[in-house]
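Chemist:
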Amino acid sequence: MSPRSQTTRILAGLGAGAAAGLLLNAARRTGPGAAGWIDTWLVAGGVLDIVGRLFFSAIQMLVVPLVLVSLVCGVAGVGDLRRFGRIGGKVLGLYIATTAAAISLAIGLALVIRPGAGANGGAGAAAWQAPPAPPLADTLADLVPKNPVAAMAAGNMLQVIVFALLAGAALAVAGSRAAGLRTLLEQANTVMLEMVNLVMLTAPVGVFALIARVLAVQGVDVAGRLVLYMVTVLGALVIHVLVVYVGLLRGVGRLSPARFFRKLEPVMAVAFSTSSSNATLPVTLETVEHRMGVRGSIASFSLPLGATINMDGTAIMQGVAAVFIAQVYGVPLGLKDVVLVVLMATLASIGTAGVPGVGLVTLAMVLRQVGLPVEGIGLILGVDRLLDMTRTVVNVTGDAVVTAVVARAEGEMDLGRFNDDRPGPASPGKGQP
Ligand code: ASP
13 MSPRSQTTRI LAGLGAGAAA GLLLNAARRT GPGAAGWIDT WLVAGGVLDI VGRLFFSAIQ
73 MLVVPLVLVS LVCGVAGVGD LRRFGRIGGK VLGLYIATTA AAISLAIGLA LVIRPGAGAN
133 GGAGAAAWQA PPAPPLADTL ADLVPKNPVA AMAAGNMLQV IVFALLAGAA LAVAGSRAAG
193 LRTLLEQANT VMLEMVNLVM LTAPVGVFAL IARVLAVQGV DVAGRLVLYM VTVLGALVIH
253 VLVVYVGLLR GVGRLSPARF FRKLEPVMAV AFSTSSSNAT LPVTLETVEH RMGVRGSIAS
313 FSLPLGATIN MDGTAIMQGV AAVFIAQVYG VPLGLKDVVL VVLMATLASI GTAGVPGVGL
373 VTLAMVLRQV GLPVEGIGLI LGVDRLLDMT RTVVNVTGDA VVTAVVARAE GEMDLGRFND
433 DRPGPASPGK GQP
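Residue numbers (the numbering used here): 13 to 445.
(1) Do you know offhand how far residue 265's Cα is from residue 419's?
(2) State buried or exposed for residue 138, treating a residue as buried only when at least 16 other CB atoms are found within 10 Å of its CB.
(3) Enumerated in chain order, which unbroken segments of the alpha helix (DSSP H) with a length of 4 residues or greater are wholly contained in the stretch 191-232?
(4) Can you give me the Cβ contacts of residue 401 inside the same chain, cut-off strictly under 6 Å, excluding the 5 residues immediately before and after it?
(5) Mapping the DSSP letters down to three states, classify residue 304 as helix, strand or coil.
(6) Let me check you understand the geometry: is the CB of residue 368 closer than 8 Å to at least one non-hydrogen atom of the ligand ASP?
(7) Specify, as a first and last residue, the run of the alpha helix (DSSP H) that residue 254 falls within.
(8) Can you find the residues in the same chain that come closer than 6 Å, C-beta to C-beta, to residue 190, ignoring five residues on each side of it along the sequence?
(9) With DSSP as the reference, label residue 425 as helix, strand or coil.
(10) State the Cα-Cα distance for the pair residue 214 and residue 67, rounded to the nearest angstrom.
(11) Quick check on DSSP: helix, strand or coil for residue 158?
(12) Looking only at its chain, what residues have a beta carbon closer than 7 Å to the beta carbon of residue 102, apart from the 5 residues adjacent to it on each side?
(13) Under 7 Å Cβ to Cβ from residue 81, same chain only, skipping five residues before and after it: list those, please.
(14) Consider the C-beta atom of residue 394 and the heavy atoms of the ligand ASP; say whether any pair is separated by less than 8 Å.
(15) Which two residues bound the contiguous alpha helix (DSSP H) that contains residue 288?
(16) I'd like to check one pair, residue 271 with residue 431: are the Cβ atoms closer than 9 Å?
(17) Spatial neighbours of residue 76 within its chain, please: C-beta separation below 7 Å, excluding the five flanking residues on both sides.
(18) Examine the ligand ASP and report whether any of its heavy atoms sits within less than 8 Å of the Cβ of residue 372.
(19) State the Cα-Cα distance for the pair residue 62 and residue 90, rounded to the nearest angstrom.
(20) Could you give the distance in angstroms between the alpha-carbon of residue 70 and the alpha-carbon of residue 292?
(21) Nearest to residue 365 by CA position, among 231, 323, 119 and 44, is which residue?
(22) For residue 86 versus residue 310, is the C-beta spacing smaller than 9 Å?
(23) Verify whether the separation of the beta carbon atoms of residue 391 and residue 337 is less than 9 Å.
(24) Which whole-angstrom value describes the C-beta separation of residue 37 and residue 227, a residue pair presumed to lie in contact below a C-beta threshold of 8 Å?
(25) Quick one: what does DSSP say residue 21 is sitting in, helix, strand or coil?
(26) Starting from residue 380, trace the alpha helix (DSSP H) both ways and give me its first and last residue.
(27) Is residue 325 near the ligand ASP, with its Cβ less than 8 Å from a heavy atom?
(28) Using 10 angstroms around the beta-carbon of residue 443, count the other beta-carbons present and answer buried if the total reaches 16, otherwise exposed.
(29) What do you reckon, is the C-beta of residue 319 under 8 Å from a heavy atom of the ligand ASP?
(30) Do residue 296 and residue 149 have their C-beta atoms closer together than 9 Å?
(31) Expressed to the nearest angstrom, what Euclidean distance is found between the alpha-carbon atoms of residue 123 and residue 369?
(32) In whole angstroms, what separates the C-alpha of residue 307 from that of residue 31?
(33) Going by the C-beta, is residue 79 closer than 8 Å to any heavy atom of the ligand ASP?
(34) Counting pairs of Cβ atoms below 8 Å between the stretch 216-225 and the stretch 47-63, do you hit three or more?
(35) Alpha carbon to alpha carbon, how far is residue 313 from residue 40?
Dropping the structure here:
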């Protein structure tokens, strides 16, 4: 199936899922009978729940093996390891810079819009127990896995990346002595990508079920101050994409943003419906490498790293939430606090995997550091699921933008592939630079 028609089918699934979810939500409000039936047969443990979870698990199942083999093959294929290190440094630098820009923009916008001003203290905040976030020191010290199998089993992406980098470098050093293993891994990589293609055939249905279920439970009616909070977060997300990402694509990458976003549509749809950059990773990898033409060694390193450490959308939510909570509780925020929020939110996104709702956990850490009431999170809890979907789209978009821009600047991108709008081969190895 051509990528274009696949994208259309996924977007159709998304739209139909949203419509079905809203209808179900309206039906649930008509009375306890209808609500009970819908909950039992469709939502909680019902058909939508099962189908959605099946799709979510199917793409998640591919993450660790795909990242492992594609990164080992990618690094083994790099001619010059020092150059690879330099490119990695640029990717890391841009990830941190874009996150800092995102949160600064979010705080600026929240200070102008003042979504929490005039609210009556923390009244109405639901009880919120903050789960502990991992301290940064642990994240750094745990970068190297004691046991690579345990790291893979736990899905600890940073540890898997470290192990794969070393294995790939060793494979390159071993050269002809390990030629057989290298061929085997390259074939495994091909198989993994074909698995992604197969699973993505079910994406329209999976995306339909995930969205319909969320909207059936949540609805979209948000009252009062929370509307302003949501508008501020969504506004900052849109501005970040239009200014920072489009600016980077055009200015640094000299790439057409329209074509870039068109190619990214399926990735965005999966990110939106799963709320997980990690689970979206197989689709992001396939798209950036095989449909945009970024060299495998760069994409297979930069994208998994980004899914873990680069969360611009999450940082935006945290910036707005910190200002919102400060305003609601009447806590004045000085310049020092603002700088601290920027610093903490940037650091907080490092080392927390891109899974649904993790942004709230790290928000607790940010608030605690700045001395803001953590229970304020209870105020925004109700709308977080909806915002999680949109900020995850921005999180994965940021990973893809930085990867493409750095690859382009380093001459590691097949422009013919990027500019080719025809439905091209989506299988690995065909025409890679
Ligand atoms: N769901 C987001 C992601 O996976 C993280 C978050 O903000 O909660 O990227």
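Built from N, CA and C at the ideal position, the CB exists for glycine as well.
Computed from a prediction, not measured in an experiment: that's the story for all the values here.
Modeler: This is what the structure holds:
(1) 8 Å
(2) Because the pLDDT at residue 138 is just 49, under 50, the model does not fix this residue reliably, and the point stays unresolved.
(3) 191-213 and 215-230
(4) 284 and 287
(5) Three-state DSSP puts residue 304 in coil, outside helix and strand.
(6) yes
(7) For residue 254, there is no enclosing alpha helix (DSSP H), as DSSP gives it neither H nor E.
(8) 183
(9) strand
(10) 7 Å
(11) coil
(12) Same-chain partners within the cutoff: 418.
(13) Excluding the 5 residues flanking it on each side, residue 81 has same chain C-beta neighbours closer than 7 Å at 197, 200, 201 and 204, in chain order.
(14) no
(15) Unbroken run through residue 288: none, as it is neither H nor E.
(16) With contacts defined as CB atoms closer than 9 Å, residue 431 and residue 271 qualify as a contacting pair.
(17) 164, 167 and 172
(18) yes
(19) 42 Å
(20) 11 Å
(21) 323
(22) yes
(23) yes
(24) 6 Å
(25) helix
(26) 370-382
(27) yes
(28) Its pLDDT being 37, under 50, residue 443 is placed unreliably by the model, and the measurement read from it follows with that caveat. Per the 10 Å Cβ criterion, exposed.
(29) Yes - the ligand ASP has a heavy atom lying nearer than 8 Å to the Cβ of residue 319.
(30) no
(31) When only Cα atoms are considered, residue 123 and residue 369 end up about 24 Å apart.
(32) 39 Å
(33) No, Cβ of residue 79 sits at least 8 Å from all heavy atoms of the ligand ASP.
(34) yes
(35) Here the alpha carbon of residue 313 sits roughly 45 Å from the alpha carbon of residue 40.
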